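Peer 1: Residue numbers (this note's numbering), protein chains in the order written: chain A, 170 to 546; chain B, 170 to 546.
For each residue, glycine too, the CB sits at the ideal point set by N, CA and C.
All of these numbers come straight from a predicted model, not from anything done at the bench.
The structure is given below, and queries will be raised subsequently.
Here you go:
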């Protein structure tokens, strides 16, 4: 294997595939990156057996071949080189790198030891805009939770319908749902549960990309593919294992009506909740109280050891102006939901001390966040 | 105690005194801030018994008095309030705070329980520009080290001479010395050792200030004082315990001549050392080799498990162009020194495999960094 590549191009690829390599103690080969040169493409890949990432770039090939080397060493090293041409050559399982006045040898391993990253043969192709997918996922991914007893909620539920894609997560205390439109819809309903870690990597990697992502789904795996604009050759492939199981039928949990509905300025509300949280103690409990006389809500918190706090915020009450209620919430769950509202004002729907509350943008109907109150013991 | 204060003014003070409060488990009162109102001044203070910080600001006093409350609660709370007037009142060891629509009670403690921060009566006053002191300290403070066997090197050595102030630190592997000029010199030589932690707080607090700091030194303590521009009343007082003991007579360690002297571009050198460090392994060892033929130095590193690296850098050789030497260094020590060189080029003085090497700016003579090679075993 022998090639010439610009530092910038190699670095870009390493930042993409290097993310999953280098964290495995039981199977050291997974700390490596596989480097392959074929025709005029360099392909680098990494895998943690659940998630595989492949990246291609055009290079000047002098000799085809392959090798694997430790990801961390290669990444730190390439990152420090000047922005120039790099000469790379594999000889006897050593990788020789020469860049200007710098000469390096990195000890590698035979590429045969590297696990094979599976290929998905499925024909059905779905197409999504990368920025739309990343924005949608980033608003739900935090609410999935590693749950050994209920592995099906440990990931993001992708539900492709004819009208578009519905993304859902829940940790059983709150639930987030985001609807996005597709560039190319599937011909039939397709759904799967993507592990949280794979989802995070997907968002991290594609958040720099502006084009479209193609999806192929097999019973156990999914492939997210991004093509080079010039050649239509793949540039990035992300292949992830899917989580087994049925996603819970959650639609009945999302309230269709509310006892009290109000519109409130979001940043003020977040600030007031944070202020109250200082006195919430270990339970994280704060109270939301509707105040029909003053036309708004009060946020309250109290802790016998620390002290107490009370703040009022004006709100536009759309529904239930005459209903007084005081509901206990985990303040973190409220802030998590509000942080995903991108508009100035937020809609809040309340259903009493035990019913699910809803946070959603005041106008955009594609996002909804449901949160359960803390039940009084 | 009852007063009105602008949020901004209170917040500024809390950010200064809050730094030392809130980390003590055995003496919980040290987690508190002492708040006192006298005439038209609010004074807030904190201490960890080694270091005390006091801050004053003008307020509208309605009633004099004092209280102590937990620093962390008060700071988090005030920080979240809007930039408005705050009404503060102490009643029955509770602190009541009201700001716009927000009402809070913080449980406090009696001020009698708070330790007294000592006063320094010494008359001799030294005066230093705050930015000059902070810049000088920041270039030496990192090289002092907590050392139970040799407590005297656990701090920064302040040596006031008639020509100015010499600041020195060492961890016995390297030594840094910075000379600065004073606004008002002492009438006699004064020296003391300031604990590393106090030095760091001093730099953090005064790095925002442009005026002069007044110093008073007693046998066991030092006071750094900053006055309000309008009233000449103290704004900040930092009182620190000093470290007992004689600072080592280090002047003989700083080489006066070198076998090889060279001038080299600093950023390139740092980058080349970092590149080599990837292959340095656990010993952190890299080698610096003079190359008279090519007119520069080679940086080398080698590790049987990882690989090896070699890079050449051109240099202007002032002295010893015909002397070939290869010296092993801990790469971290070299980078630490080079990071304190502010000029584009750095002077490097080498004294063979076992002699102390020197890093200093190519023109400024007020800073010197001495580093010992790794001795071959």
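Starting from the beta carbon of residue 440 (chain A), find every residue of chain B whose beta carbon is closer than 7 Å, and list them in chain order.
Peer 2: Counting from one through the first chain, the residue named residue 440 (chain A) turns up at place 271. The answer, in chain order, is 249.
Peer 1: Use the C-beta contact count for residue 122 (chain B): other C-beta atoms within 10 angstroms, 16 or more gives buried, fewer gives exposed.
Peer 2: Outside the modelled stretch of chain B, which goes from 170 to 546, sits residue 122 (chain B), for which no answer is possible.
Peer 1: Looking at C-alpha atoms only, which residue of A:409, A:313, A:389 is the closest neighbour of residue 505 (chain A)?
Peer 2: Here residue 505 (chain A) is taken as the residue at index 336 of the first chain, counted from 1. Residue A:313 is the option with its Cα nearest to residue 505 (chain A).
Peer 1: Would you check if there are 3 or more beta carbon pairs closer than 8 Å linking the stretch 427-437 of chain A to the stretch 476-488 of chain A?
Peer 2: Touching, yes, given that three or more Cβ pairs across the two stretches are closer than 8 Å.
Peer 1: Only counting the same chain, and skipping five residues up and downstream in sequence, which positions put a Cβ closer than 6 Å to that of residue 273 (chain A)?
Peer 2: The residue you call residue 273 (chain A) lines up with position 104 of the first chain. So the qualifying residues of the chain are 266.
Peer 1: Among B:391, B:379, B:191, whose alpha-carbon lies nearest the alpha-carbon of residue 626 (chain B)?
Peer 2: Nothing in the structure corresponds to residue 626 (chain B), since chain B is present only between 170 and 546.
Peer 1: Can you find a C-beta in chain A that's less than 8 Å from the C-beta of residue 237 (chain B)?
Peer 2: Numbered from 1 along the second chain, position 68 holds the residue referred to as residue 237 (chain B). So, not an interface residue.
Peer 1: Count Cβ pairs between the stretch 203-212 of chain B and the stretch 293-304 of chain B that sit closer than 8 Å; are there 3 or more?
Peer 2: Result no; under three Cβ-Cβ pairs closer than 8 Å.
Peer 1: Counting C-beta neighbours from all protein chains within 10 Å, is the total for residue 220 (chain A) 16 or more, i.e. buried, or is it exposed?
Peer 2: In the first chain, counting from the first residue as 1, residue 220 (chain A) sits at position 51. Residue 220 (chain A) should be labelled buried.
Peer 1: The ligand NAD and residue 348 (chain B): does any heavy atom of the ligand fall closer than 7 Å to the residue's C-beta?
Peer 2: The ligand content of the structure shown is nil, which means the ligand NAD is not present either.
Peer 1: Smallest Cα separation from residue 270 (chain B): which of A:170, A:437, A:310?
Peer 2: Walking along the second chain from the start, residue 270 (chain B) turns up at place 101. Checked all of A:170, A:437, A:310; the closest Cα to residue 270 (chain B) is A:437.
Peer 1: Residues of chain B with CB under 9 Å from residue 444 (chain A), in chain order?
Peer 2: For the purposes of this step, residue 444 (chain A) is identified with residue 275 of the first chain, where counting begins at 1. The contacting residues are 245, 246, 249, 250, 271, 273.
Peer 1: Do the CB positions of residue 277 (chain B) and residue 238 (chain B) come within less than 8 Å of each other?
Peer 2: As a position in the second chain, residue 277 (chain B) is number 108, starting the count at 1. As a position in the second chain, residue 238 (chain B) is number 69, starting the count at 1. Yes; because the gap between Cβ atoms is below 8 Å, this pair is in contact.
Peer 1: Would residue 374 (chain A) and residue 405 (chain A) qualify as a contact pair, given that the criterion is a beta-carbon distance under 8 Å?
Peer 2: Position 205 of the first chain, counted from the first residue, corresponds to residue 374 (chain A). Position 236 of the first chain, counted from the first residue, corresponds to residue 405 (chain A). Cβ atoms of residue 374 (chain A) and residue 405 (chain A): closer than 8 Å.
Peer 1: Could you check whether the stretch 409-426 of chain A touches the stretch 316-323 of chain A, counting it as contact only if at least three pairs of C-beta atoms, one from each stretch, sit closer than 8 Å?
Peer 2: They touch, by the three-pair rule.
Peer 1: State whether the stretch 187-203 of chain B contacts the stretch 232-251 of chain B, with contact taken as three or more CB pairs (one from each stretch) at a distance under 8 Å.
Peer 2: The stretch 187-203 of chain B, when compared against the stretch 232-251 of chain B, does touch it at the 8 Å Cβ threshold.
Peer 1: Going along the chain, which residues of the stretch 448-475 of chain B sit with their C-beta nearer than 7 Å to a C-beta in chain A?
Peer 2: Per Cβ criterion, the list reads 474, 475.
Peer 1: I'd like to check one pair, residue 204 (chain B) with residue 245 (chain B): are the Cβ atoms closer than 8 Å?
Peer 2: The count along the second chain starts at 1 and reaches residue 245 (chain B) at position 76. The count along the second chain starts at 1 and reaches residue 204 (chain B) at position 35. Not closer than 8 Å, so no.
Peer 1: When the Cα of residue 492 (chain A) is compared with those of A:458, A:516, A:259, A:509, which residue comes out closest?
Peer 2: Along the first chain, one-based indexing puts residue 492 (chain A) at 323. Closest by alpha carbon: A:458.
Peer 1: Please compile the residues from chain A whose C-beta is within a distance smaller than 8 Å of the C-beta of residue 513 (chain B).
Peer 2: The count along the second chain starts at 1 and reaches residue 513 (chain B) at position 344. By Cβ distance, chain A contributes nothing, its closest Cβ being about 17 Å from residue 513 (chain B), past 8 Å.
Peer 1: Output yes or no for whether 8 Å exceeds the beta carbon distance between residue 424 (chain B) and residue 525 (chain B).
Peer 2: Within the second chain, residue 424 (chain B) is the residue found at index 255, counting from 1. Within the second chain, residue 525 (chain B) is the residue found at index 356, counting from 1. Closer than 8 Å, so yes.
Peer 1: Helix, strand or coil, according to DSSP, for residue 417 (chain A) in the structure here?
Peer 2: On the first chain, residue 417 (chain A) is found 248 positions in, with the first residue counted as 1. Here residue 417 (chain A) sits in coil by DSSP.
Peer 1: Applying the 10 Å Cβ sphere with the 16-neighbour rule, what's the burial state of residue 317 (chain A)?
Peer 2: Position 148 of the first chain, counted from the start, is the residue given in the question as residue 317 (chain A). Exposed, since its Cβ has fewer than 16 Cβ neighbours within 10 Å.
Peer 1: Compute the Euclidean distance between the alpha carbons of residue 301 (chain A) and residue 416 (chain A), then round it to the nearest angstrom.
Peer 2: Position 132 of the first chain, counting from 1, holds the residue named residue 301 (chain A). Position 247 of the first chain, counting from 1, holds the residue named residue 416 (chain A). One C-alpha to the other measures close to 23 Å.
Peer 1: Would you tell me roughly how many angstroms separate the C-alpha atoms of residue 225 (chain B) and residue 403 (chain B), rounded to the nearest one?
Peer 2: As a position in the second chain, residue 225 (chain B) is number 56, starting the count at 1. As a position in the second chain, residue 403 (chain B) is number 234, starting the count at 1. Distance between the alpha carbons of residue 225 (chain B) and residue 403 (chain B) is about 7 Å.
Peer 1: Mark residue 331 (chain A) as exposed unless 16 or more other C-beta atoms lie within 10 angstroms of its C-beta, in which case mark it buried.
Peer 2: Locating residue 331 (chain A) in the first chain gives position 162, where the first residue counts as 1. With fewer than 16 other Cβ atoms within 10 Å, it is exposed.
Peer 1: Can you look up residue 369 (chain A) in the DSSP assignment and give me helix, strand or coil?
Peer 2: Sequence index remark: in the first chain, residue 369 (chain A) carries index 200 (1-based). Of the three classes helix, strand and coil, the one that applies to residue 369 (chain A) here is helix, per DSSP.
Peer 1: What does residue 379 (chain B) pair with, by DSSP beta-bridge criteria?
Peer 2: Here residue 379 (chain B) refers to the residue found at position 210 of the second chain. According to DSSP, which records beta bridges pairwise, residue 379 (chain B) is partnered with nothing at all.
Peer 1: Mind checking which residues open and close the beta strand (DSSP E) that includes residue 491 (chain A)?
Peer 2: Walking along the first chain from the start, residue 491 (chain A) turns up at place 322. Taken as a continuous stretch (DSSP letters only), residue 491 (chain A) belongs to no beta strand (DSSP E), as it is neither H nor E.
Peer 1: To the nearest angstrom, report how far apart residue 474 (chain B) and residue 198 (chain A) are at their CA atoms.
Peer 2: If you number the second chain from 1, residue 474 (chain B) lands on position 305. If you number the first chain from 1, residue 198 (chain A) lands on position 29. If I take the Cα positions, the gap works out to 14 Å.
Peer 1: What are the partner residues of residue 497 (chain A), as DSSP defines its beta bridges?
Peer 2: Taking the first residue of the first chain as 1, we reach residue 497 (chain A) at position 328. A:456, per the DSSP bridge assignment.
Peer 1: Can you grab the Cα-Cα spacing for the pair residue 285 (chain A) / residue 306 (chain A), in whole Å?
Peer 2: Along the first chain, read from residue 1 onward, the residue named residue 285 (chain A) stands at position 116. Along the first chain, read from residue 1 onward, the residue named residue 306 (chain A) stands at position 137. C-alpha separation (whole angstroms): 28 Å.
Peer 1: So, at 7 Å on beta carbons, what are the nonlocal neighbours of residue 476 (chain B) in its own chain, with the 5 sequence-adjacent residues on each side left out?
Peer 2: Here residue 476 (chain B) corresponds to residue number 307 of the second chain, with the count starting at 1. Closer than 7 Å at the Cβ level, and outside the excluded window around residue 476 (chain B), lie 448.
Peer 1: Could you say which of A:315, A:395, A:262 lies nearest to residue 338 (chain A) if we only look at CA atoms?
Peer 2: Against the first chain, residue 338 (chain A) aligns to sequence position 169. Among A:315, A:395, A:262, the Cα nearest to that of residue 338 (chain A) belongs to A:315.
Peer 1: Note down, in chain order, every chain D residue with its Cβ under 9 Å from the Cβ of residue 257 (chain A).
Peer 2: Checking the listed chains, one finds no chain D in this structure; the protein chains it contains are A and B.
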